[in-house]
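Peer 1: Residue numbers (the working numbering), protein chains in the order written: chain L, 367 to 629; chain Y, 367 to 629; chain H, 367 to 629; chain V, 367 to 629. Cβ coordinates follow ideal geometry from the N, Cα and C atoms, glycine included. Here it is, the structure, as C-alpha cells.
There are 4 protein chains.
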Amino acid sequence: MTGKVQKDDFILLYLSPGKKWLVRAKEKGSLHTHVGYLQFDLVIGKTYGSQLTTSLGRVLWLLKPTIEDFVMKGERRTQVVYPKDMGLIVVKTGVSPGSTVIEIGTGSGAMTTLLANLVRPSGRVYSYEMRSEFIEIAKRNLERAGLLDFVTLNLKDAREGLDVENADAAVIDVGDPWNVISPVWRALKGGAVISAITPTANQAEKLVIEMEKTFVDVQTVEILMRGLEARFGKTRPSSRMIGHTAYLTFGRKVFQESMLAND
Amino acid sequence: MTGKVQKDDFILLYLSPGKKWLVRAKEKGSLHTHVGYLQFDLVIGKTYGSQLTTSLGRVLWLLKPTIEDFVMKGERRTQVVYPKDMGLIVVKTGVSPGSTVIEIGTGSGAMTTLLANLVRPSGRVYSYEMRSEFIEIAKRNLERAGLLDFVTLNLKDAREGLDVENADAAVIDVGDPWNVISPVWRALKGGAVISAITPTANQAEKLVIEMEKTFVDVQTVEILMRGLEARFGKTRPSSRMIGHTAYLTFGRKVFQESMLAND
Amino acid sequence: MTGKVQKDDFILLYLSPGKKWLVRAKEKGSLHTHVGYLQFDLVIGKTYGSQLTTSLGRVLWLLKPTIEDFVMKGERRTQVVYPKDMGLIVVKTGVSPGSTVIEIGTGSGAMTTLLANLVRPSGRVYSYEMRSEFIEIAKRNLERAGLLDFVTLNLKDAREGLDVENADAAVIDVGDPWNVISPVWRALKGGAVISAITPTANQAEKLVIEMEKTFVDVQTVEILMRGLEARFGKTRPSSRMIGHTAYLTFGRKVFQESMLAND
Amino acid sequence: MTGKVQKDDFILLYLSPGKKWLVRAKEKGSLHTHVGYLQFDLVIGKTYGSQLTTSLGRVLWLLKPTIEDFVMKGERRTQVVYPKDMGLIVVKTGVSPGSTVIEIGTGSGAMTTLLANLVRPSGRVYSYEMRSEFIEIAKRNLERAGLLDFVTLNLKDAREGLDVENADAAVIDVGDPWNVISPVWRALKGGAVISAITPTANQAEKLVIEMEKTFVDVQTVEILMRGLEARFGKTRPSSRMIGHTAYLTFGRKVFQESMLAND
Numbered sequence: 367m368t369g370k371v372q373k374d375d376f377i378l379l380y381l382s383p384g385k386k387w388l389v390r391a392k393e394k395g396s397l398h399t400h401v402g403y404l405q406f407d408l409v410i411g412k413t414y415g416s417q418l419t420t421s422l423g424r425v426l427w428l429l430k431p432t433i434e435d436f437v438m439k440g441e442r443r444t445q446v447v448y449p450k451d452m453g454l455i456v457v458k459t460g461v462s463p464g465s466t467v468i469e470i471g472t473g474s475g476a477m478t479t480l481l482a483n484l485v486r487p488s489g490r491v492y493s494y495e496m497r498s499e500f501i502e503i504a505k506r507n508l509e510r511a512g513l514l515d516f517v518t519l520n521l522k523d524a525r526e527g528l529d530v531e532n533a534d535a536a537v538i539d540v541g542d543p544w545n546v547i548s549p550v551w552r553a554l555k556g557g558a559v560i561s562a563i564t565p566t567a568n569q570a571e572k573l574v575i576e577m578e579k580t581f582v583d584v585q586t587v588e589i590l591m592r593g594l595e596a597r598f599g600k601t602r603p604s605s606r607m608i609g610h611t612a613y614l615t616f617g618r619k620v621f622q623e624s625m626l627a628n629d
Numbered sequence: 367m368t369g370k371v372q373k374d375d376f377i378l379l380y381l382s383p384g385k386k387w388l389v390r391a392k393e394k395g396s397l398h399t400h401v402g403y404l405q406f407d408l409v410i411g412k413t414y415g416s417q418l419t420t421s422l423g424r425v426l427w428l429l430k431p432t433i434e435d436f437v438m439k440g441e442r443r444t445q446v447v448y449p450k451d452m453g454l455i456v457v458k459t460g461v462s463p464g465s466t467v468i469e470i471g472t473g474s475g476a477m478t479t480l481l482a483n484l485v486r487p488s489g490r491v492y493s494y495e496m497r498s499e500f501i502e503i504a505k506r507n508l509e510r511a512g513l514l515d516f517v518t519l520n521l522k523d524a525r526e527g528l529d530v531e532n533a534d535a536a537v538i539d540v541g542d543p544w545n546v547i548s549p550v551w552r553a554l555k556g557g558a559v560i561s562a563i564t565p566t567a568n569q570a571e572k573l574v575i576e577m578e579k580t581f582v583d584v585q586t587v588e589i590l591m592r593g594l595e596a597r598f599g600k601t602r603p604s605s606r607m608i609g610h611t612a613y614l615t616f617g618r619k620v621f622q623e624s625m626l627a628n629d
Numbered sequence: 367m368t369g370k371v372q373k374d375d376f377i378l379l380y381l382s383p384g385k386k387w388l389v390r391a392k393e394k395g396s397l398h399t400h401v402g403y404l405q406f407d408l409v410i411g412k413t414y415g416s417q418l419t420t421s422l423g424r425v426l427w428l429l430k431p432t433i434e435d436f437v438m439k440g441e442r443r444t445q446v447v448y449p450k451d452m453g454l455i456v457v458k459t460g461v462s463p464g465s466t467v468i469e470i471g472t473g474s475g476a477m478t479t480l481l482a483n484l485v486r487p488s489g490r491v492y493s494y495e496m497r498s499e500f501i502e503i504a505k506r507n508l509e510r511a512g513l514l515d516f517v518t519l520n521l522k523d524a525r526e527g528l529d530v531e532n533a534d535a536a537v538i539d540v541g542d543p544w545n546v547i548s549p550v551w552r553a554l555k556g557g558a559v560i561s562a563i564t565p566t567a568n569q570a571e572k573l574v575i576e577m578e579k580t581f582v583d584v585q586t587v588e589i590l591m592r593g594l595e596a597r598f599g600k601t602r603p604s605s606r607m608i609g610h611t612a613y614l615t616f617g618r619k620v621f622q623e624s625m626l627a628n629d
Numbered sequence: 367m368t369g370k371v372q373k374d375d376f377i378l379l380y381l382s383p384g385k386k387w388l389v390r391a392k393e394k395g396s397l398h399t400h401v402g403y404l405q406f407d408l409v410i411g412k413t414y415g416s417q418l419t420t421s422l423g424r425v426l427w428l429l430k431p432t433i434e435d436f437v438m439k440g441e442r443r444t445q446v447v448y449p450k451d452m453g454l455i456v457v458k459t460g461v462s463p464g465s466t467v468i469e470i471g472t473g474s475g476a477m478t479t480l481l482a483n484l485v486r487p488s489g490r491v492y493s494y495e496m497r498s499e500f501i502e503i504a505k506r507n508l509e510r511a512g513l514l515d516f517v518t519l520n521l522k523d524a525r526e527g528l529d530v531e532n533a534d535a536a537v538i539d540v541g542d543p544w545n546v547i548s549p550v551w552r553a554l555k556g557g558a559v560i561s562a563i564t565p566t567a568n569q570a571e572k573l574v575i576e577m578e579k580t581f582v583d584v585q586t587v588e589i590l591m592r593g594l595e596a597r598f599g600k601t602r603p604s605s606r607m608i609g610h611t612a613y614l615t616f617g618r619k620v621f622q623e624s625m626l627a628n629d
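Rendered as C-alpha cells:
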C-alpha cells in the first residue's frame, strides 16, 4: 500500500465530526458540498491525511475510510447497530480471523460488514434475511467495502432452520429473536457465544426466558455512550446523547444431559 | 477442531456469571472450588458445552474460553481495559486481520491479547512498556492465549521514539498520553486512527489539546454499561453498576500543509 | 435558635461522607465508634459546625441534621426512596407549605418524613399502610424528626378507598400501584399530580396503561446519580454507582367528559 | 379553593407532554395555537381537570399550573436549572417552610421561584444578581407565580459580601462559585448546607478545593434523567436524552478551631 489515493478507491472527505463524505475517487467529476465543490482529479495520487481545498476555499481532509465509516455510512433503510453496541458484541462473541459466524437479520448489512472484516480471509459470515430488498442493499454495502467474498447472504426465514454447522458465534437482530434460538442453537458449536439485539425490555425478557433453556452465562446489558467536550479549562460532558438503542443479550451454548447421552 | 477437550487445552468451567474458572486441562490433578473438586481426567475428551459434576454434586459447565475470558482472566497487576471500552476501540480503530497496530502501555497485556487475536495471522501488534515486570506478565498472558507470535513486546520508553512505520492504528494507555502523541504520529499512516484511554477529565483535556495539532475528528467519549435483569414479569436494571472506567479519545492522523511540501 | 446544641437535640456527628452518626444529645452517656468514644456532656452547649475530638483523638464534626439525614438515617426495614428520586417527586408534584398529600405505602416513613417537612405547618400528609409493624416504625421515625403532628397514618388497604378529598398530590410506593389508581384519583383535585415509584419495567408498563385512562401528561423516567471525584488535576467520575432504584411515573388528574356532565 | 378557574388565574392548557401553554385566564381574548384557538371566556368557571375544545376540534386539558410549570415556563434568557437537579438541591439543602435561603445568581429566577414556594410564608429567599435586566425578569417571573413577597432581590456583586446572617442554606449558580464561598460561608449558620451548580468539571474541581477549607461532607454529583416509554408489550427507554446539564456540589459549613476560640 502506497498511502496515496488510487483511482476508484473509496475515500473519506472530512470537514467536521458531523460532516464527512464517503465517496469513490473517480477520474472525472466532483463532489458538491455546502462548502464548495472538489474536483476528483485533484484527489488521485494525493497522500491520505493531506488537506484539500474546496472551490470556496474550505479545507477538507483526505482520509482513508475505516470499517466504521463503511458500516455507518452505507446505504440503509433500517436502523443500524451502533458502534458502541457492535464493539461489545465483537469482544463478547470473540469473532476474529477464521470464525464462522451466523447472523440472523441482515438488514442493511452494517453489522455484516463489520463481522466480515474481522473473520476474513479464512472465516465466513452466514447471514439470513427474509426481505429480498434488504439482501440487495446489504450486497451493495458489502461490495463497496470489498467484503462480499466473505459473506453468504441467505434469503430465507431462519425460523425454518439454517444451513450451517459448528459455527463459532451468532448475532441475532430480528424482532422475535426467541423464535430463532432453537435453529441457531443447532448450528453452533458447544460453548459458542450468541448475541441478540432487542430494543424493548419485553423482548429482552422473552428472549432470556427462551435462551436460559439451552444457554448458560446469559446476560443482558445496555451500553450508553456520552461525549466529553474536552476544551482548555472548560471540559464538560456533551449536552445531548443517545438515550437508548437496544439491549444486548449474550449466552453460551450448552448441552443438556439428555442431548449428550452417548458422549 | 473436534469440539472435544484435548489434553492441555485451556477450558472455562462455568458455575455462575460471577464464578468461572479458566484452567488448563491436565491429565492429572483436579480443580478445587467452594462447590467441590473436579478431576481433570474426567474432562479430557468431553464435548465443549457439556455438564460436569463436582465431588459435592454441583454442576459445572465445560466451556471453551473466548478471547474475552483470556483478556479478563489473565494474570494482572494493573486495572485492565473493560470489554465495553475495548469494543469501541476495536470498532473505531478498525483493527482487523493484517493490521499493524501500535500499543503504548502494555500493562498486563489484556488489550494486547484482544488486538493480537484480531490482527493474526498476517498483522502484528507492536507494544511498548517501560516496566520489565509487566513485559513478563504480558508475555505469559499472551502465551496462554496462544497469541505471543503476533506481538512484539518492547521494553522501551515510547516517548523516545518507536521502531514502527506505516502503522494502521494505535492504542495508548499510559498516564501521560500527550507525551507520546508525537512519536506515535510519526509511526502511523496518514489517516490512521489513534485511541487513548485516560481515567481523568484533566488527562482527556490535556490530551485533546495536544492531539488537535496533528489529528482531526478528535472525539472523547465515555461508555457506561448497565445490566438488565430480565426475569418473567420482573424485569429491571441491575442495582449496581460500574460508574466509570476511563474516557476514550479518538483521532485520525493528518499532515499539516508544511509537512507535505513535496507531495 | 441559638445555633448551639441543647439537651435532647438530635445531632449529626460527621467523620466522613460514608460515616455519620445521627444521635440524641443526652446529658449522660457517650457515643462509641470505631474511632473512639465521645462523651455527650461535652456536646451540649457547643456551636453547630464546631469540631469535637474522640477519646482516640479523631475529629468529629458537630452538625445539625438536615431533613435528608432524618430521611436516610431513620430506622428502616424496607428499601427507602433515594434522595435523587425524592427530589424529582417534590418538584413535579409541587408539594409545598399547605399541601394536602396522599401517600400510599408508608413503609418506614422516609418519604413521609420529607413530605411532612414540606407541607407543615398548615398542610398534611395522609399516609396509608397495610402492615401495622411499618406504621409503628414510621411513627417512631416521624416523631424523631419532630414531624408526626403533620401526618395521619392509616392502617388500611388503600384499594378499599381513602378518607381524603381534594388532595393536591399523591405519592404511591406499593407493589401494585395500578390497583390504587382509582381510589387515589377520587381523592385528588382536578389537575393534581400523582407520582408512583416502581422498581420493574413491567410494573411501570402496567401502571401507565391504567393511569392513561384518567390522567394526562403521563411520563415515566428514571434518575441516575453519579459522583464526581473532584481533586486537583485528577478529577474523574466515581468508579461505582447505583445502577437502578426505581422508575418514577407522573400524571395529572383529569375528568373524562362523562364525569363532568353537570359542570 | 373552589377547583374552578377564576378570572386572572394562571392556567395550564395541555395538549401533549411537549406542548403546554401557561397563560392567564382573562375575560376577553383567546389563545391561538397550531391546533386552533380557544376563547378565554369559555374557560372561566370551568373545573380544573376538565377538557376544552379548540376551534379546530382538538382537545386541550385545563390544568392548574404546578410550581414546576411556573419554574420551567417562565420568561427566561439564561439556561435554567433542570427539575432533576433542583430536586436533589431541595432534598440535600433541606429548604422548607421557614428557611432563610441565600441564592447567588438569580438569573431568570427559576430556582428562586422553587425556593420561594418552599420557604413561604415565614421563610425568605435572599437572591443576589449583578445584572439588572435579570433582576427585572426574575421579578416578573416571581410575581406571576405569586411568590415575590417571599424574596429579596439584590442587585449586587455577592463577592463583595452579603447582607444576610444565620441563613439555613445557600444555592450558588454563577460562573465563579469559588469567589463567593467566603461571603456565603459568613452568612450561614454552622452546619448549614451549601449547594453549587457548575457546568464544567474544571469549575467543580476549583470549587471543591475552595470549599474543602471551610465545609465538610463536600460531594459533587451529576444527575441523569432518562425517559421510559412504557407501552403495552413495547416498553423501552427513550431514544434521546439530555446528556449533561451541570455538576452539583454540596457541603456543610464548619468552623475551624481558631474561628471558635471563645466558644
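Starting from the beta carbon of G609 (chain H), find every residue of chain Y whose beta carbon is closer than 8 Å, and list them in chain order.
Peer 2: Taking the third sequence and counting its residues from 1, one reaches residue 609 (chain H) at position 243. The answer, in chain order, is R592, G593, P603, S604, S605, R606 and M607.
Peer 1: Report the neighbours of A567 (chain Y) on chain V: residues whose CB is nearer than 7 Å to its CB, in chain order.
Peer 2: Taking the first residue of the second sequence as position 1, residue 567 (chain Y) is located at position 201. Correct list: A567.
Peer 1: Going by beta-carbon coordinates alone, are E441 (chain H) and I501 (chain H) separated by less than 7 Å?
Peer 2: Within the third sequence, residue 441 (chain H) is the residue found at index 75, counting from 1. Within the third sequence, residue 501 (chain H) is the residue found at index 135, counting from 1. No, they are not a contact pair.
Peer 1: Tell me whether the beta-carbon of T432 (chain Y) lies closer than 7 Å to the beta-carbon of G460 (chain L).
Peer 2: As a working note, residue 432 (chain Y) is residue 66 in the second sequence. As a working note, residue 460 (chain L) is residue 94 in the first sequence. Yes; because the gap between Cβ atoms is below 7 Å, this pair is in contact.
Peer 1: Specify the secondary structure class of P603 (chain H) as computed by DSSP and reduced to three states.
Peer 2: Here residue 603 (chain H) refers to the residue found at position 237 of the third sequence. DSSP places P603 (chain H) in strand when its eight states are reduced to three.
Peer 1: Which residues in the same chain as M367 (chain V) place their Cβ atom closer than 7 Å to its Cβ, once the five residues preceding and following it in sequence are excluded?
Peer 2: Residue numbering aside, residue 367 (chain V) sits at position 1 when the fourth sequence is read from its first letter. In this predicted model, M367 (chain V) has a pLDDT of only 47, less than 50, meaning its place in the structure is not dependable; the value taken from the coordinates is given anyway. Contacts found: none.
Peer 1: Quick one: residues in its chain with C-beta nearer than 8 Å to the C-beta of M438 (chain Y), no 5 flanking neighbours on either side, listed in chain order?
Peer 2: As a first step, residue 438 (chain Y) is located in the second sequence; it is residue number 72 there, counting from the start. Within the same chain, M438 (chain Y) has close Cβ partners V446, P449 and A476.
Peer 1: Determine whether the Cβ of K572 (chain L) lies closer than 7 Å to any Cβ atom of chain V.
Peer 2: What you label residue 572 (chain L) is simply residue 206 of the first sequence in a count that begins at 1. For K572 (chain L), the answer is no, since every Cβ of chain V falls outside 7 Å of its Cβ.
Peer 1: As a quick exercise: from V:E434, V:T586, V:L614 and V:S604, pick the residue whose alpha carbon is nearest that of N507 (chain V).
Peer 2: Here residue 507 (chain V) corresponds to residue number 141 of the fourth sequence, with the count starting at 1. Among V:E434, V:T586, V:L614 and V:S604, the Cα nearest to that of N507 (chain V) belongs to V:E434.
Peer 1: Can you name, in chain order, every residue of its own chain whose Cβ lies under 6 Å from the Cβ of G411 (chain L), other than the five neighbours on each side?
Peer 2: The count along the first sequence starts at 1 and reaches residue 411 (chain L) at position 45. Answer for G411 (chain L): K370, listed in chain order.
Peer 1: Compare the C-beta of K450 (chain V) against all C-beta atoms of chain L and say whether one is closer than 7 Å.
Peer 2: Sequence index remark: in the fourth sequence, residue 450 (chain V) carries index 84 (1-based). Taking Cβ atoms only, chain L never reaches closer than 7 Å to K450 (chain V), which makes this a no.
Peer 1: Below 8 Å on the Cβ atoms is my guess for T615 (chain V) versus A570 (chain V); work out the distance and round it to an integer in Å.
Peer 2: Position 249 of the fourth sequence holds residue 615 (chain V). Position 204 of the fourth sequence holds residue 570 (chain V). Indeed, because the Cβ distance is near 6 Å, the residues count as touching under 8 Å.
Peer 1: Determine, using beta carbons only, whether G475 (chain Y) comes closer than 7 Å to chain L.
Peer 2: Your numbering for residue 475 (chain Y) matches position 109 in the second sequence. For G475 (chain Y), the answer is no, since every Cβ of chain L falls outside 7 Å of its Cβ.
Peer 1: From which residue to which residue does the alpha helix (DSSP H) around G453 (chain H) run?
Peer 2: Translated into the one-based positions of the third sequence, residue 453 (chain H) becomes position 87. From DSSP, the alpha helix (DSSP H) with G453 (chain H) extends over P449 to T459.
Peer 1: If I measure Cβ to Cβ from A612 (chain Y) and keep anything under 7 Å in the same chain, skipping five residues before and after, which residues do I get?
Peer 2: Stepping through the second sequence from its first residue, residue 612 (chain Y) is reached at position 246. Contacts found: D451, I563, T564 and P565.
Peer 1: Is it buried or exposed, A627 (chain V), if we count other Cβ atoms within 10 angstroms and call 16 or more buried?
Peer 2: On the fourth sequence, position 261 is the one that residue 627 (chain V) refers to. Residue confidence for A627 (chain V) is low, a pLDDT of 46 falling below 50, so the modelled location carries little weight; the figure read from the coordinates is stated next. A627 (chain V) comes out exposed.
Peer 1: Please determine, among H:H400, H:T420, H:R497 and H:K458, the residue with the shortest C-alpha to C-alpha distance to L408 (chain H).
Peer 2: Counted from its first residue, the third sequence places residue 408 (chain H) at position 42. Ranking H:H400, H:T420, H:R497 and H:K458 by Cα distance to L408 (chain H) puts H:T420 first.
Peer 1: CB-CB under 6 Å to S488 (chain Y), same chain, minus the five flanking residues each way: which ones, in chain order?
Peer 2: Position 122 of the second sequence, counting from 1, holds the residue named residue 488 (chain Y). The answer, listed in chain order, is G464.
Peer 1: Applying the criterion that 16 or more other CB atoms from any shown protein chain within 10 Å of the CB defines a buried residue, is R618 (chain V) buried or exposed?
Peer 2: What you label residue 618 (chain V) is simply residue 252 of the fourth sequence in a count that begins at 1. Looking at its Cβ environment, which holds 16 or more other Cβ atoms inside 10 Å, R618 (chain V) is buried.
Peer 1: Taking a Cβ distance cut-off of 9 Å, strictly less, list which residues of the region 429-442 of chain H are near chain Y, in chain order.
Peer 2: Of all residues in the region 429-442 of chain H, none has a Cβ within less than 9 Å of some Cβ in chain Y.
Peer 1: Got a sec: is the Cβ-Cβ distance from M367 (chain Y) to anything in chain H below 7 Å?
Peer 2: Indexing the second sequence from 1 puts residue 367 (chain Y) at position 1. In this predicted model, M367 (chain Y) has a pLDDT of only 47, less than 50, meaning its place in the structure is not dependable enough to derive any value.
Peer 1: Measure from the alpha carbon of S498 (chain L) to the alpha carbon of each residue in L:G541, L:L519 and L:E509, then state which is nearest.
Peer 2: Indexing the first sequence from 1 puts residue 498 (chain L) at position 132. Of the listed residues, the one whose Cα sits closest to S498 (chain L) is L:L519.
Peer 1: Throw me the rounded Cβ distance for the L426 (chain V) and L454 (chain V) pair, which I believe falls under 8 Å.
Peer 2: Residue mapping note: residue 426 (chain V) aligns to position 60 of the fourth sequence, counting from 1. Residue mapping note: residue 454 (chain V) aligns to position 88 of the fourth sequence, counting from 1. The Cβ separation is near 33 Å, so there is no contact.
Peer 1: Scan the region 482-528 of chain H and note each continuous beta strand (DSSP E) run of 3 residues or more that stays entirely inside, going in chain order.
Peer 2: Listed in chain order, the complete beta strand (DSSP E) runs (minimum 3 residues) inside the region 482-528 of chain H are 490-495 and 517-521.
Peer 1: Starting from W387 (chain Y), trace the beta strand (DSSP E) both ways and give me its first and last residue.
Peer 2: Locating residue 387 (chain Y) in the second sequence gives position 21, where the first residue counts as 1. Note, W387 (chain Y): beta strand (DSSP E), K385 to R390.
Peer 1: Determine the DSSP secondary structure at Q569 (chain Y), reduced to helix, strand or coil.
Peer 2: If you number the second sequence from 1, residue 569 (chain Y) lands on position 203. Three-state result, Q569 (chain Y): helix.
Peer 1: Residues in the same chain with beta-carbon distance under 8 Å from R424 (chain V), minus the five sequence neighbours each way, listed in chain order, please.
Peer 2: Looking up residue 424 (chain V) in the fourth sequence gives position 58. Around R424 (chain V): L381, V401 and G402.
Peer 1: Mind checking if S493 (chain Y) is an interface residue toward chain L, Cβ cutoff 7 Å exclusive?
Peer 2: As a working mapping, residue 493 (chain Y) is identified with position 127 in the second sequence. Not one chain L Cβ lies under 7 Å of S493 (chain Y).
Peer 1: Leaving out five residues on either side along the sequence, give the residues of the same chain with a beta carbon under 7 Å from the beta carbon of A524 (chain H).
Peer 2: Taking the first residue of the third sequence as position 1, residue 524 (chain H) is located at position 158. Result list for A524 (chain H): I470, Y494, V546 and P549, in chain order.
Peer 1: I'd like to know whether the C-beta atoms of V517 (chain Y) and A558 (chain Y) end up nearer to each other than 7 Å.
Peer 2: Here residue 517 (chain Y) refers to the residue found at position 151 when the second sequence is read from its first residue. Here residue 558 (chain Y) refers to the residue found at position 192 when the second sequence is read from its first residue. Going by C-beta atoms, V517 (chain Y) is not nearer than 7 Å to A558 (chain Y).
Peer 1: Are the C-beta of G384 (chain Y) and some C-beta of chain H separated by less than 7 Å?
Peer 2: Counted from its first residue, the second sequence places residue 384 (chain Y) at position 18. Not an interface residue.
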